[in-house]
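Undergrad: Protein chains in written order, with my numbering: chain C, 356 to 1057; chain X, 356 to 1057.
There are 2 protein chains.
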Amino acid sequence: MRKKKGLFSKSAAVLAAAVLLYSMSNSVYSDEGMWLYEEPPKDILKDRYSFDLTDSWLEHLRLSSVRFNNGGSGSFASEDGLVVTNHHVGAGALEKLSTAQSNLLNDGFYARTLDEELRCHDLELNVLVRMEDVTEKVNAAVVPEMSVDEAVKARRMVMSELEAEALKTTGLRSDVVTLFQGGRYMLYQYKRYTDVRLVFAPEEQIGFFGGDPDNFEYPRYNLDVCIFRVYEEGKPAHIDHYLKWTEAGLTEGDLVFVSGHPGSTSRLITMSELEHERDVLLPYTLERLNRLEVLYTVWAARSDENNRRAGQSIMGVQNGRKALSGGYNGLLDPELLKAKQTEEKEFLAQVLKSDQFKNVPASFEKIAQADKDSRKDYEAWRLLEGGHAFNSSYFNIARTLLRYADEVQKPNGERLREFRDSNKVSLELGLFSEAPIYDDFELLRLTDGLRFLILKLGYNNPLVQKILDNKSPEELALELISGTCVKSVEKRREIYAMTPEEIAQLKDPMIELARLVDEPSRQLRTFYEKQAEIKKQAHEVIAGARFALSQGSVYPDATFTLRLAFGAVKGYEEGGTHIPFSTQIEGMYRHGEEHGFKPPFKLPQSWMDSRQKVDGKTPCNFVCTADIIGGNSGSPVVNREGEFVGIIFDGNIQSLVWDYIYSDRQGRAVSVCSEFILEGLRSVYGAGNLADEILTGKRAEQ
Amino acid sequence: MRKKKGLFSKSAAVLAAAVLLYSMSNSVYSDEGMWLYEEPPKDILKDRYSFDLTDSWLEHLRLSSVRFNNGGSGSFASEDGLVVTNHHVGAGALEKLSTAQSNLLNDGFYARTLDEELRCHDLELNVLVRMEDVTEKVNAAVVPEMSVDEAVKARRMVMSELEAEALKTTGLRSDVVTLFQGGRYMLYQYKRYTDVRLVFAPEEQIGFFGGDPDNFEYPRYNLDVCIFRVYEEGKPAHIDHYLKWTEAGLTEGDLVFVSGHPGSTSRLITMSELEHERDVLLPYTLERLNRLEVLYTVWAARSDENNRRAGQSIMGVQNGRKALSGGYNGLLDPELLKAKQTEEKEFLAQVLKSDQFKNVPASFEKIAQADKDSRKDYEAWRLLEGGHAFNSSYFNIARTLLRYADEVQKPNGERLREFRDSNKVSLELGLFSEAPIYDDFELLRLTDGLRFLILKLGYNNPLVQKILDNKSPEELALELISGTCVKSVEKRREIYAMTPEEIAQLKDPMIELARLVDEPSRQLRTFYEKQAEIKKQAHEVIAGARFALSQGSVYPDATFTLRLAFGAVKGYEEGGTHIPFSTQIEGMYRHGEEHGFKPPFKLPQSWMDSRQKVDGKTPCNFVCTADIIGGNSGSPVVNREGEFVGIIFDGNIQSLVWDYIYSDRQGRAVSVCSEFILEGLRSVYGAGNLADEILTGKRAEQ
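Shown next, in the form of structure tokens:
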């Protein structure tokens, strides 16, 4: 599944083909691109698809698009606040609403009336309503004379101030976003929804049919959908812009658009940054993911209840492992490296022809040096400041409370970013969430985190010894978890109002652990923010040259902000076989049968019972060439008329290299067909009313 | 399950208790001890259990005990060559005899006639028939004036010569074994059986009921048994010494003996060696095991056939991960470290009192220094010489063929140990095994091995670059596996007869890879053999002092050679609950029920169908205090009369710390009851004839 981050491997042939199409310094000719709404690819669409992209068409799609702040996308489906996303994007909320007695993730859910809709503990949804280029404002604050330390502070300050000002003026969530690795800054403003209620979810067995083995594969048969409703002042919110659904179906070659929030790509990074990913970042992350996958799955296997408690953590870890190991394996391919190297050399050769770009070569070197300087303490940084050593929700809460008390006393612009005024609503939503935290799972995670810390920094490391305090990791974790008072949300609210001195008097063991590691953690953070600043300044120079030398449009790497992608509905060839663009419901039953309907290929009872009732010819999933990445999960796919035809939920194996390089030879985005969703609602779940609301765009009076 | 190696974690309380009982420099007072047959604990048995251990009793048990050379133990059960071991010890042989159409591991097996018995591809069984102390002979060859390099060579030479001479004289398999880390050398001679046939195996679902979650847990309900028959000259071998079985049952407090082959313990290592295990050896191994567990289980989940092919590899990896992480977690406990440290300090203080031991302190330092010097290239050594970078059966075969051609030209005493004359039969048994090797699984493993090599030594490492030869790991692995001719056993036999020059002309890609890495691999091997020699010499000095200062008997660390352990049948307290010493068949059904009979708690159909037929009160598994470790799997447990009462298959969680420290407060060895086996044979599997052969010690005329 695609959520937040998605890469992958491919056969050498796939990659070689991708490399041939790869030419970053020129404009984009294929269906490539995660385009900014403020700079849509009008000319390309006109040239390739004879499509006139109008501003009103674009605005309607933008205002119908929703960001799920936990790492996904979605869209409005009715004027009464209905929001459609993926089952795997909603899964975290489903898990938090579940108990040992009522497992919504497993069993599915359908609210027949508004009263039955369940309010989610901590979901935040955003709709992008305003965009402003603030590059000049940001860069005016960060002047060349400044030291790097001063630049870090100045940039943080100006960004926080711009955000605070915008929030104050409009009441909208306001974020300054860094594009082109530092080449541009945009102020994005969002309408924010925090009263989000669950309306419908299918069973996980069909939402994630085929499980980890089928993840990132195609053909697929997933009803990966989940439906929420946003509320304002206790009532369904009235929504002006929502997508009209169509059941007209798709034809090979149809132009479609994807409007969503791709999380992160690495297409514009330098060769040295790519090597840094390969040699430093990915090895650490993959080692950790392998470790957690074993830890969590083994624990989950002990009982159904363990499995329920660890379920979403396992999904997240497996998804990350499959996606990132794909990306890592891609980086071990000499062809990809060579293509990147060649492109960089050619760009540098071009740059050297003009005095205008004389700072560019040194900027490449600065980036390489910054990464080199970042190697030594990289793991310590992730462990301490990243919290991997304290793999515990209680620790995160304790640290947030401890730091909040300190940070809130500083001026807005000087605080750690997460404590800036404009982030207050989001911060409190997480901090005071009533979502259950399970002590047994916490113990498992925290014990392992402490062991991982020992493994990485060494048993005799002085800070490690201070943390362990002459206890075994298990003993210490047990003490921390059984002793902390941050379990209670009420207590958290109390502490949130305390002064640092009052907090110190609590002598809460988890808060005291957070305090013990706070100084070294902050030091590491400061150091890595400094390296990031050096790279931002260098990328600003490189991006400037790229903009100037580019003959066509360019788009920035993904940043989990709203983008428009386009492409054709299109099958592909694999191993001498043609893979049609769409699957059908009857194929889903066959796929289950071929695996003896054994988990994860076991269909839920509802679908087994409905086999004769459903129309087997109904389209299930389809592929298109639109350029997506993790974070696009849940993005609406619309046709030329702007009608909803499906919902992105994955990419195929061949698309996973898109993190570094786009190719539509075989790479495809995978979507759920609108017809599949409607057929399920009507014929399997007895949710005809909900289907009617979607099709009419209006909730029927009940 | 216990196979070869077994450790684990424990609650802090368990360990603290263990530590209290821990006093290595004094004699042994508890049921501790993996005693040498040549130095049995007669006095202790007399004192503690009023038991007179006679030489004839001992000889009978020794000659009835069998070593499974793939890493387990067993015992003779009839004069017609019947051998009983664990299902998990036989599982490798079962897997090799299976095909996509006939899955013996999954479905079980029973040969009703001799004709139906299936010959195993490469099982070797050993019975210890002669023992000779050769310490003086070995040490006479390694004189103080020698350099370490000379000492390595001299020791290898004298050991190989002693073995070759013994083999020539007796025809018996002859191994010189290093005991007390270098304090003593024994020449052990074995009767060897290589025609081993499968007689009976239950389904894996009951052989390994509860799977990984229940592994190393108690109470348990595993019918972990597998029955073979040894043949000589095409007929069942006639066996003089076999164990008489009893169904008389056991009573709390009964004295029992375990005769088997514990694989490895670390009770006599120094503090610095313990830290080396914690900081260097275990972190590497656990990282690799986590990685392989994810790799194999994900691949296995794709289809039943994948699962069959990877099954035993997964079991091995999971068992190792659970056991070793237990041990590693134990080493993170300050109590254990402190106990070890205190003991070492006290020993050193005692030593300093006498001039006789003046070399001892320097010996501790030499060991610490040798380990320190071993750190830098440890991973390279495991990857290259250990073959982790080339995780492939074909690679192992290719390397063996390549090296054999070189080594066989040297005098016996100068060869790499595995190519010494006395090992020829075992070497060829493996090399020419017709056991299936699956190309798809090979590709998965080899690709991953190459990626692990890159991860560990770095992409730009010159040797890594040479190995990759400008290909991606996947591409290279595919080329090697599709191109090698060592797949064919016939071809292997041809190459085995070739000169090095003829082999070079083959230009086989896998053999050429083995050649490419041969020099650096051998260099690493030489270096680590040198470190081992330094440690052996130092341990010889330390062991001498220990022998002299010890007031009672001592026993060496486990070395996968025959040992006698003893103990009492005894329940224990855990979390305020009394755990009775034995479980019963009716408890097994309840345990399955509690987990909804879902895998791995799904009982096989045969047992589901027999629920009314079997006697629910039949004892299932039992625990005792006998001192065991991985490798003891399959060991017979006998009563005072030397009668077979059960078969070791595991230790409980609390026993896993026994790798470093023995305690019988809660730690227990876990066995299958003889009654459970017999009840299964008679009431579930319709194998009454086999039960009769076991009970009468004689095959009925058919």
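Just so you know, even glycine gets a beta-carbon here, dropped at the ideal spot from N, CA and C.
In this text, all values refer to a predicted model and were calculated from it rather than measured experimentally.
Would you kindly work out how many angstroms separate the C-alpha atoms of Asn381 (chain X) and Ser905 (chain X), rounded to a whole number?
TA: Here the model assigns Asn381 (chain X) a pLDDT of 41, short of 50, so the residue's position is not dependable, and the following value carries that caveat. Those two C-alpha atoms are separated by around 6 angstroms.
Undergrad: Just reading off the beta strand (DSSP E) that Gln667 (chain C) is part of, what are its end residues?
TA: Note, Gln667 (chain C): premise wrong, no beta strand (DSSP E); alpha helix (DSSP H) at 659-686.
Undergrad: Which residues in the same chain as Leu629 (chain X) place their Cβ atom closer than 8 angstroms to its Cβ, once the five residues preceding and following it in sequence are excluded?
TA: Ser621, Leu686, Leu692, Lys695, Tyr1015
Undergrad: Beta-carbon within less than 8 angstroms of Val444 (chain X)'s beta-carbon, same chain only, minus the 5 sequence neighbours each way: which residues are those?
TA: Lys358, Phe423, Asn425, Gly426, Gly427, Ser428, Gly429, Cys581, Ser988, Gly989
Undergrad: How big is the Cα-Cα spacing for Thr442 (chain C) and Pro955 (chain C)?
TA: Looking at the sequence itself, residue 442 (chain C) is His, so the reference to Thr does not match. Approximately 16 angstroms between the Cα atoms of the pair.
Undergrad: Whether or not the stretch 531-542 of chain X and the stretch 481-491 of chain X are in contact is what I'm after, with contact meaning three or more pairs of Cβ atoms, one per stretch, closer than 8 angstroms; do they touch?
TA: yes
Undergrad: Listing by chain order, which chain C residues have their CB less than 8 angstroms from the CB of Pro568 (chain X)?
TA: Val653, Ala656, Arg657
Undergrad: Taking three-plus beta-carbon pairs below 8 angstroms as touching, is the stretch 745-760 of chain C in contact with the stretch 395-406 of chain C?
TA: no
Undergrad: Please work out which residues of its chain come closer than 7 angstroms, Cβ to Cβ, to Tyr586 (chain C), disregarding the five sequence neighbours upstream and downstream, and give them in chain order.
TA: Gly436, Asp550, Arg552, Ala592
Undergrad: Tell me the DSSP secondary structure of Glu516 (chain X) in three-state form.
TA: helix
Undergrad: Spell out whether any CB of chain X is found under 9 angstroms from the CB atom of Leu823 (chain C).
TA: For Leu823 (chain C), at least one C-beta of chain X is nearer than 9 angstroms to its own C-beta.
Undergrad: Among C:Gly666, C:Thr440, C:Ala509, C:Leu647, which residue has its Cα nearest to the Cα of Asn458 (chain C)?
TA: C:Gly666
Undergrad: Report the partner residues of Phe563 (chain X) according to the DSSP bridge assignment.
TA: Answer is none; Phe563 (chain X) lacks a bridge partner.
Undergrad: Label Asp386 (chain X) either buried or exposed according to how many other C-beta atoms from any shown protein chain fall within 10 Å of its C-beta, with 16 as the threshold for buried.
TA: buried
Undergrad: Helix, strand or coil: how does DSSP classify Leu958 (chain X) here?
TA: DSSP places Leu958 (chain X) in coil when its eight states are reduced to three.
Undergrad: Which residues, taken in chain order from the stretch 663-674 of chain X, show a beta carbon closer than 7 angstroms to some beta carbon of chain C?
TA: none
Undergrad: In the DSSP output, which residue or residues are listed as bridge partners for Gln939 (chain X)?
TA: X:Pro974
Undergrad: Can you confirm whether Gly1041 (chain X), when its beta carbon is compared against all beta carbons of chain C, has any partner nearer than 9 angstroms?
TA: no
Undergrad: Please give me, in chain order, every unbroken run of the alpha helix (DSSP H) with length at least 4 that falls completely inside the stretch 777-818 of chain C.
TA: 779-786, 794-812
Undergrad: Identify the continuous beta strand (DSSP E) that holds Met541 (chain X) and give its terminal residues.
TA: 539-548
Undergrad: State the Cα-Cα distance for the pair Ser777 (chain X) and Gln764 (chain X), rounded to the nearest angstrom.
TA: 16 angstroms
Undergrad: Which one of X:Arg770, X:Lys842, X:Arg800, X:Pro911 has the shortest CA to CA distance from Ala790 (chain X)?
TA: Distance check between Ala790 (chain X) and each of X:Arg770, X:Lys842, X:Arg800, X:Pro911 places X:Lys842 closest, using alpha-carbon atoms only.
Undergrad: Would you call the CB atoms of Leu610 (chain X) and Gly922 (chain X) closer than 9 angstroms?
TA: yes
Undergrad: Strictly below 7 angstroms CB to CB, what residues from chain C border Asn645 (chain X)?
TA: Contact annotation for Asn645 (chain X) against chain C: Asn645, Arg646, Val649 [CB-CB distance below 7 angstroms, chain order].
Undergrad: Whole-angstrom Cβ separation of Leu1045 (chain C) and Phe571 (chain C), contact assumed at under 8 angstroms?
TA: With 8 angstroms as the limit, Leu1045 (chain C) and Phe571 (chain C) do not qualify as a contact, their Cβ atoms being about 30 angstroms apart.
Undergrad: Where do the ends of the beta strand (DSSP E) carrying His933 (chain X) lie?
TA: 932-934
Undergrad: Considering only residues of the same chain and omitting the five flanking positions on each side of Tyr883 (chain C), which have a CB-CB separation below 6 angstroms?
TA: The residues are Trp736.
Undergrad: Counting only the same chain and skipping the five closest in sequence on each side, list residues whose C-beta sits under 7 angstroms from that of Glu632 (chain C).
TA: Ser621, Leu686
Undergrad: Taking the beta carbon of Tyr377 (chain C) as the centre, do at least 16 other beta carbons fall within 10 Å, making it buried, or is it exposed?
TA: Its pLDDT being 39, under 50, Tyr377 (chain C) is placed unreliably in this model, and the coordinates cannot settle the point.
Undergrad: How many whole angstroms separate the CB atoms of Ser316 (chain X) and Gly1001 (chain X), which I take to be in contact at a CB cut-off of 8 angstroms?
TA: Outside the displayed range of chain X (356 to 1057) lies residue 316 (chain X), so it cannot be described from this structure.
Undergrad: For Gln560 (chain X), does the count of other Cβ atoms within 10 angstroms reach 16, so buried, or fall short, so exposed?
TA: buried
Undergrad: Closer than 8 angstroms by C-beta to Asp970 (chain X): which residues in its own chain qualify, once you throw out the five before and the five after it? Chain order, please.
TA: Ile940, Glu1034, Ser1038
Undergrad: Going by Cα to Cα distance, which pick from X:Leu835, X:Lys890, X:Leu756, X:Lys779 is closest to Ile858 (chain X)?
TA: X:Leu756
Undergrad: How would you label Met963 (chain C), buried or exposed, when you count the other beta carbons within 10 angstroms and need 16 or more for buried?
TA: exposed
Undergrad: Quick one: using the 10 Å Cβ neighbour count with 16 as the cut-off for buried, is His894 (chain C) buried or exposed?
TA: buried
Undergrad: Could you give the uninterrupted runs of the alpha helix (DSSP H) lying entirely in the stretch 447-471 of chain X, keeping only those of 4 residues or more?
TA: 459-462
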